[in-house]
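Chains as they are written, first to last, in the numbering used here: chain A, 8 to 338; chain B, 16 to 399. Just so it is clear, CB atoms sit at the ideal spot from N, CA and C, and this is done for glycine as well. Values in this document were obtained by computation on a predicted structure and should not be read as measured data.
Here's what the structure looks like:
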């Protein structure tokens, strides 16, 4: 078991390193010159000035050297020259061209908002989706089942941004059922934090839950047809317990896999959610950084963080999986 | 085959309590499943009974309704997807139409079931001990640790070595035979009065099969429970059962005391089952004769006798009787304890002169002599 986890951690680490190389190469060797936006930002960009800035930023060095400097910055403080010199404390992900602030600091500042949205939304969609799915499976073939399945198809066929926008326009602006949205740090004012995130949570919860409801239903229908479910009934287990204990225990395993990946995607930043509900999180930050003038360090950092999240989520899923399924645990 | 045909009643087998009350009574049971293609008539007008300490073997090929009928005894059919008529009484309590609560008290407690494939019938994510303990705690108000102790005791009882350490193992860590033992331990944990074993040895190899059957017999002696053993293996029946019920197309087609039925079968389908059994001790002249054709569709069962499309003896019945009229389930030539559903008038002679020489030539003499003294069979098993 410990060996399994260690092996997975090592391979996850390798994946992260490879991803960082790939991301680095993609942006620094890409078609646009990272020095360009910096040069343009400081008045008229002449060829000499561009060359000077390139020289200062170390863009004339080999890619390997540049990557080495970048990678080293994650562990030790470094100084970065963009026009003038900036200190970048470890772990350093670069200096933002736009704000000239340390990318790591900005990331830590924006992350709580994204994390808040993701955790709240995920809790709602997981609970709601699994419960609806189990009930649909239990009552499969009945009108209630068809209503649940049909309703979930209907909701999930509406584009997410439209659903979120309509929800915000009607529920907050028009009818004021929900408080106006935005992000207040939890430590500052828990009430405001909760109120500002309530609608985003509900919107994410409802839209994602449809997918989980259908998935859970499928998994449950399959499980409820298994022999061991008949065994449980034949033992005299109450039918509710047969469904929620014996059935769900087995049916939840594939749902955990999907949830891990979905949750990682949510943590990487929800662009639509953050834009529509006016929440200054990682998604919005990343979106701004790709718009002209491009902020390369921010792009690199956000992509890298997303990659790490996906890898970590996968790792966690594997570990949880091995706890859920004794057959995986033993081998 | 020769073995069980000539064997005397097994010495170890408990004799049914004379004049004992029927613990399970099934009367005119029909089970039907409405499907998109029509009504599947899985069990038709089935009646049988089992006394305490007695073993009934239900034999038939896949789709003959043997599992479906026994699942009905525990009320395991989804009432929304099936139609049940007739009566099933467990210790006097009616099962058909009974409330979920009534059924729950019977399931696993008075009547327990041993399923065919223990790998799929045991929950893969719970330990063996947890599953046995759960079965115990449903019907006994005891702590988890007491249930665990009981699980260890039961595992020990069914012959699992080092039960104390194996109790926390998961089903996939057990071998096939051990899984079936664990399944039996789970079924017996509440001292059920009736055990329904649905092909308990089908997924196991022959040596383990014999061990499991021995175990069941031993436990039956200790617990004095009634057993229904569902199988397609006549060898298992010969080993285990006091009484045999042969099913075909959802109907009982022959029933009688094991030795009587296996030595003097009166229904061509039973002959077919006997003929299709391989036997290592038989002379090399003996042929293995499969039953021609396929089991009938339960959506549109054949008219008349359901076996007539596959029956090689249809021409021995006058007229079109086999095709037009369902034979009644009545005593044949050999007394009231031996029932059969067949139009043949003299099945014993046909069996002795046509069927037996093909499958076991060495037994012809014996059987002919036996036929001459019909009363012999009656005297041995008493009236039923």
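| Check | Outcome |
| --- | --- |
| Which of helix, strand or coil does DSSP assign to residue 131/B? | coil |
| Does residue 230/A get closer than 8 angstroms to chain B when you measure Cβ to Cβ? | no |
| Counting only beta-carbon atoms, is residue 398/B nearer than 8 angstroms to chain A? | Residue confidence for residue 398/B is low, a pLDDT of 40 falling below 50, so the modelled location carries little weight and cannot support an answer. |
| Buried or exposed: which applies to residue 203/B, given that a residue is buried once 16 or more other Cβ atoms fall within 10 Å of its Cβ? | buried |
| Looking at residue 185/B: is its Cβ nearer than 8 angstroms to the Cβ of residue 139/B? | yes |
| Considering just the uninterrupted stretch of the alpha helix (DSSP H) at residue 284/B, what are its terminal residues? | 283–290 |
| Cβ closer than 7 angstroms: which chain B residues qualify as neighbours of residue 246/A? | 115 |
| With 16 other CB atoms within 10 Å as the buried threshold, where does residue 27/A fall? | buried |
| Would you report the Cα separation of residue 234/A and residue 100/A, rounded to the nearest angstrom? | 54 angstroms |
| Check residue 72/B in the structure and name its three-state DSSP category. | strand |
| Going residue by residue through the region 290–368 of chain B, where are the continuous beta strand (DSSP E) segments of at least 3 residues, counting only ones entirely within it? | 345–347, 350–355 |
| Under 9 angstroms Cβ-Cβ, which residues of chain B neighbour residue 293/A? | By Cβ distance, chain B contributes nothing, its closest Cβ being about 40 angstroms from residue 293/A, past 9 angstroms. |
| Between residue 158/B and residue 152/B, what straight-line distance do the alpha-carbon atoms span, to the nearest angstrom? | 8 angstroms |
| Against chain A, does residue 135/B count as a neighbour if the rule is that its beta carbon must be under 8 angstroms from one of theirs? | yes |
| Going by the beta-carbon positions, is the gap between residue 206/A and residue 178/A smaller than 8 angstroms? | yes |
| Determine, for residue 261/A, whether the minimum Cβ-Cβ distance to residues of chain B falls below 8 angstroms. | no |
| Restricting to Cα atoms, I'd like to know which of 314/A, 37/A, 276/A, 263/A is closest to residue 117/A. | 276/A |
| Nearest-angstrom Cα distance between residue 334/B and residue 137/B? | 52 angstroms |
| Determine which residues of the region 320–333 of chain A have a Cβ less than 8 angstroms from any Cβ of chain B, and write them out in chain order. | 331, 332, 333 |
| Would you mind working out which of 210/A, 133/A, 153/A sits nearest residue 269/A, comparing C-alpha positions? | 133/A |
| Can a CB atom of chain B be found closer than 8 angstroms to the CB of residue 243/A? | yes |
| Here's a check: name, in chain order, each residue in its chain whose Cβ is nearer than 6 angstroms to the Cβ of residue 148/B, leaving out the five neighbours to either side. | 162, 163, 166 |
| Compile a chain-ordered list of the residues in the region 213–239 of chain A whose CB is closer than 8 angstroms to at least one CB of chain B. | 233, 234, 235, 237, 238, 239 |
| Counting Cβ pairs closer than 8 angstroms, one from the region 215–226 of chain A and one from the region 139–153 of chain A, do we hit at least three? | yes |
| Taking the alpha carbon of residue 67/B as the reference point, which residue from 237/B, 263/B, 190/B has its own alpha carbon closest? | 237/B |
| Take residue 326/A and list the residues in its own chain whose beta-carbon comes closer than 7 angstroms to its own, dropping the five residues that flank it on each side. | 12 |
| Under the assumption that residue 200/A contacts residue 123/A (Cβ atoms under 8 angstroms), give the Cβ distance between them as a whole number of angstroms. | 7 angstroms |
| Could you check what DSSP says for residue 52/A in three-state terms: helix, strand or coil? | coil |
| Starting from the beta carbon of residue 15/A, find every residue of chain B whose beta carbon is closer than 8 angstroms, and list them in chain order. | None at all; the shortest Cβ gap to chain B is about 21 angstroms. |
| Taking the alpha-carbon positions, what's the residue 288/B to residue 154/A distance? | 50 angstroms |
| Would you tell me roughly how many angstroms separate the C-alpha atoms of residue 361/B and residue 320/B, rounded to the nearest one? | 17 angstroms |
| Find the residues of chain A that neighbour residue 156/B, judging by a C-beta separation of less than 9 angstroms, and give them in chain order. | None at all; the shortest Cβ gap to chain A is about 14 angstroms. |
| Any beta-carbon of chain A closer than 8 angstroms to the one on residue 138/B? | yes |
| Excluding the five sequence neighbours on either side, which residues of its own chain have a C-beta within less than 6 angstroms of the C-beta of residue 199/B, listed in chain order? | 129, 173 |
| Using a Cβ-Cβ distance cut-off of 8 angstroms, determine whether residue 124/B contacts chain A. | yes |
| Smallest Cα separation from residue 15/A: which of 66/A, 324/A, 210/A, 108/A? | 324/A |
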